[in-house]
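Colleague: First to last, the sequence lines map onto chains Z and C.
All you need for our numbering is the position in the first sequence, starting with 1, plus 32.
All you need for our numbering is the position in the second sequence, starting with 1, plus 1234.
Glycine is no exception: its CB is placed at the ideal position from the N, C-alpha and C atoms.
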Amino acid sequence: MTPTQSSIIWQFRAPRMVLGLLAGAMLAVAGGTYQGVFRNPLADPYLLGVAAGAGLGATVAIVDVGGALTTPSWTPLLAFGGAMIAVIVTWAIGGRGLRSSTSTLILAGVAVASLFTSAQTFLQQQSSTNSLARVYIWLLGSLASASWSSVTLVLPYVVVCVAICVAAGRALDVMSVGEDESRSLGLPVRRVRFVVIAASSLGTAAIVSAVGLIGFVGIIVPHIVRLLVGTSYRRILPISVVFGAAFLVFADTIARTVMAPSELPLGVVTAIVGAPVFVIILSLRRQMAT
Amino acid sequence: MSTVELNELSVRAGSVPLISDVTLNVEAGTWCTIVGPNGAGKTTLVETIAGLRRPSHGSVMIAGERVGSMSERERALRVALVTQHPIVPSGMSVRDYVALGRTAYHGLLRPPSADDRQAVENVLNRLALDEYAHRDVVTLSGGERQRMVLARALAQATMVMVLDEPITGLDLRHQITMLELLQKEVHECGLTVIATLHDLTLAGQFADRLVLLDHGRLVLDGPSGEVVRSKELAECYGMKLRVVDVDGADVVIPVRH
Chain Z
33 MTPTQSSIIW
43 QFRAPRMVLG
53 LLAGAMLAVA
63 GGTYQGVFRN
73 PLADPYLLGV
83 AAGAGLGATV
93 AIVDVGGALT
103 TPSWTPLLAF
113 GGAMIAVIVT
123 WAIGGRGLRS
133 STSTLILAGV
143 AVASLFTSAQ
153 TFLQQQSSTN
163 SLARVYIWLL
173 GSLASASWSS
183 VTLVLPYVVV
193 CVAICVAAGR
203 ALDVMSVGED
213 ESRSLGLPVR
223 RVRFVVIAAS
233 SLGTAAIVSA
243 VGLIGFVGII
253 VPHIVRLLVG
263 TSYRRILPIS
273 VVFGAAFLVF
283 ADTIARTVMA
293 PSELPLGVVT
303 AIVGAPVFVI
313 ILSLRRQMAT
Chain C
1235 MSTVELNELS
1245 VRAGSVPLIS
1255 DVTLNVEAGT
1265 WCTIVGPNGA
1275 GKTTLVETIA
1285 GLRRPSHGSV
1295 MIAGERVGSM
1305 SERERALRVA
1315 LVTQHPIVPS
1325 GMSVRDYVAL
1335 GRTAYHGLLR
1345 PPSADDRQAV
1355 ENVLNRLALD
1365 EYAHRDVVTL
1375 SGGERQRMVL
1385 ARALAQATMV
1395 MVLDEPITGL
1405 DLRHQITMLE
1415 LLQKEVHECG
1425 LTVIATLHDL
1435 TLAGQFADRL
1445 VLLDHGRLVL
1455 DGPSGEVVRS
1465 KELAECYGMK
1475 LRVVDVDGAD
1485 VVIPVRH
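1) Which residue marks the beginning of the alpha helix (DSSP H) containing C/Glu1414, and which one marks its end?
2) Pull up the DSSP beta-bridge partners for Z/Arg223, would you.
3) Under three-state DSSP, which class holds C/Asp1479?
4) Quick one: using the 10 Å Cβ neighbour count with 16 as the cut-off for buried, is Z/Leu316 buried or exposed?
5) Thinking C-beta only, is Z/Ser174 closer than 8 Å to Z/Pro297?
6) Using a C-beta cutoff of 8 Å, does Z/Glu1 count as contacting chain C?
7) For C/Met1473, tell me which candidate among C/Ala1437, C/Thr1282, C/Val1486 and C/Gly1482 has the shortest Cα-Cα distance.
8) Is any heavy atom in the ligand ZN found nearer than 7 Å to the beta carbon of C/Glu1414?
9) At 7 Å on the CB atoms, spell out the chain Z contacts of C/Glu1306, in chain order.
10) Please confirm if C/Ser1324 has its CB atom under 8 Å from at least one CB of chain Z.
11) For Z/Thr263, go through chain C and note every residue whose CB falls closer than 8 Å to its CB, in chain order.
12) Please name the residue, chosen from Z/Thr289, Z/Val309 and Z/Ser232, that lies closest to Z/Asp76 on a Cα-to-Cα basis.
13) Z/Gly87 and Z/Ile117 look like a contact to me (Cβ under 8 Å); what is the Cβ gap, rounded to whole Å?
14) Using a C-beta cutoff of 8 Å, does C/Ala1385 count as contacting chain Z?
15) How would you label C/Leu1378, buried or exposed, when you count the other beta carbons within 10 angstroms and need 16 or more for buried?
16) I need the boundaries of the beta strand (DSSP E) containing C/Thr1267, first residue and last residue.
17) Checking the sheet assignment: what are the DSSP bridge partners for C/Asp1364?
18) Using a beta-carbon distance below 8 Å, is Z/Ile312 in contact with chain C?
19) Does Z/Arg318 come within less than 8 Å of chain C when only Cβ atoms are used?
20) Pick helix, strand or coil for C/Gly1292, following the three-state DSSP scheme.
21) By how many angstroms is the C-alpha of Z/Leu187 removed from the C-alpha of C/Val1245?
22) If C/Val1478 and C/Asp1398 are in contact, beta carbons under 8 Å, what's the gap, nearest whole angstrom?
23) Taking CB distances under 8 Å as the criterion, tell me whether Z/Ala231 reaches chain C.
24) Flag Z/Val206 as yes if its beta-carbon sits less than 8 Å from any beta-carbon of chain C, otherwise no.
25) Between the segment 1319-1335 of chain C and the segment 1365-1380 of chain C, do three or more beta carbon pairs fall short of 8 Å?
26) Measure the C-alpha to C-alpha separation of Z/Ser182 and Z/Gly235 and round it to an integer number of angstroms.
27) Checking contacts by CB at 8 Å: is Z/Arg202 closer than that to chain C?
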């Protein structure tokens, strides 16, 4: 191996793969956790406004309103901040109330997401074509800018948040009988919900700030795992960590190579690969059931 | 000493009073059934005893401890709840469903202990659910399903069980089976049961005592035979009721004017 090759592997490929593993694991486990805590199969990690908040933050950094921000180093920071603000606002609006039903929280998430997205659209509309393209690339997600420093930045968040989500599997299984019944079984529903949502949102925000908005992993991987191993979150969540990590690295390999030297947006690849896989497993399961 | 004490209990939803000034003591090892027309506040009362609702005034005490100041876990060790429409999560086995009743014992981070697993097997056996244990919960019939929900509540091994319309939607045979299983727990294990029931005949035949609730107020409280014959009961339902003795059992018959 020439020094150039080994440098490419260690400086670019290795951190890119590690970041892909972390992102896939985090997004998949966060999606599975959201689906459990909201008892809603359509839930994904962006449900409470993480994506819209991060999108606005990143757009502010890229469009650079006042000219004071030196992009691109501000992009992950503002994306992370935007994501956290969006989730906190969502929680402040929808997380209270007498019996704090989860549908209020989901609706608050929808409202906050549209607010942040429209602010982002406004900024984009005011900006130059050059920065428009960069915002667009960021929104579609990419591992191309991965480095060891971005890995070390998100690693602690991902490790802690994945651990919390996986440990919550038993609680989510209890929650499958609904709020009232799980409380009567001894589950402190509100506390569990808060911890679990906080962990999945924080981890997702960290990942999104590093790699942009990679869609589809968070919703599709837990469903594929569910079709394979059943409905218990004690199995779904840890296996989603592994499948999500593997799936995203696989998708990134395709994104990198299919149209080399130019790259496909990762979010496009995850959907193109993920959707057929999901449909195939779904129909296989149906055949097995009949 | 009474196991369950309601002291001047009032519950509101916003400004609407649901339960007003109910005082009631239920002795350990007895069965108390709450009757009354729709909207009388039966479900609210049951949910408040189970700690799902907070009283606006007064208190619920179980074995001398205030339900409102217990943690979810402490409460789950003292009172089990069977709701009117239990949610049955598809994909879960009957054994795993019944094992949910042990959550308060092993906690959320540890797996069930050998004791917990033994308790689950005992209950499955007691309610003749062994042969269904591995089945998916959604494949059970209505009667089996209701027995499974009861099994989960029994696995909690609490001194008090509250049930909201536990026999709704069951055929006659399964209604009686369900109530007999419950009665056995009261007689043999000293379980304290507080249930709501629409069927006045079954309510009278199975409870030691009936409590009549109307518009959130306690109207009458007494031995089953007295309450089913009371003029208050007929008044609450706004119709004429006849009580016929059939082989020593009271049968309540509504009469159209």
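Modeller: Quick look at the numbers:
1) Where C/Glu1414 is concerned, the enclosing alpha helix (DSSP H) stretches over Leu1406 to Cys1423.
2) DSSP lists no partner for Z/Arg223.
3) C/Asp1479 falls in the strand class under three-state DSSP.
4) Looking at its Cβ environment, which holds fewer than 16 other Cβ atoms inside 10 Å, Z/Leu316 is exposed.
5) Contact flag set, yes.
6) The structure shown does not extend to residue 1 of chain Z, since chain Z spans only 33 to 322, so no value can be given for it.
7) For the residues C/Ala1437, C/Thr1282, C/Val1486 and C/Gly1482, the minimum Cα distance to C/Met1473 belongs to C/Val1486.
8) Among the components modelled here there is no ligand, and therefore nothing to report on the ligand ZN.
9) Under the 7 Å cutoff, chain Z gives Arg215, Gly218, Leu219 and Pro220.
10) Among the CB atoms of chain Z, one or more fall inside 8 Å of the CB of C/Ser1324.
11) The answer, in chain order, is Pro1323, Ser1324, Gly1325 and Met1326.
12) Nearest C-alpha to Z/Asp76: Z/Ser232.
13) The C-beta separation of Z/Gly87 from Z/Ile117 comes to about 12 Å, leaving the pair out of contact by the 8 Å criterion.
14) Put simply, the CB of C/Ala1385 is far from chain Z, with every gap to its CB atoms at 8 Å or more.
15) As written in the sequence, residue 1378 of chain C is Glu, which differs from the Leu given in the question. So C/Glu1378 counts as buried.
16) Under the DSSP assignment, C/Thr1267 falls in the beta strand (DSSP E) whose first and last residues are Trp1265 to Val1269.
17) DSSP output for C/Asp1364 lists no bridge partner at all.
18) Contacts with chain C at 8 Å (Cβ-Cβ) do not include Z/Ile312.
19) No, because no Cβ of chain C sits closer than 8 Å to the Cβ of Z/Arg318.
20) Judged by DSSP in its simplified three-state form, C/Gly1292 adopts strand.
21) Here the alpha carbons of Z/Leu187 and C/Val1245 stand approximately 49 Å from one another.
22) Contact doesn't hold; Cβ gap of about 28 Å is too wide.
23) Answer no: the Cβ-Cβ gap between Z/Ala231 and chain C never drops below 8 Å.
24) By this cut-off, Z/Val206 is an interface position.
25) With a cut-off of 8 Å, the segment 1365-1380 of chain C and the segment 1319-1335 of chain C count as touching, because enough Cβ pairs lie within range.
26) Roughly 14 Å separates the two Cα atoms.
27) Chain C, which has a Cβ nearer than 8 Å to the Cβ of Z/Arg202, makes this yes.
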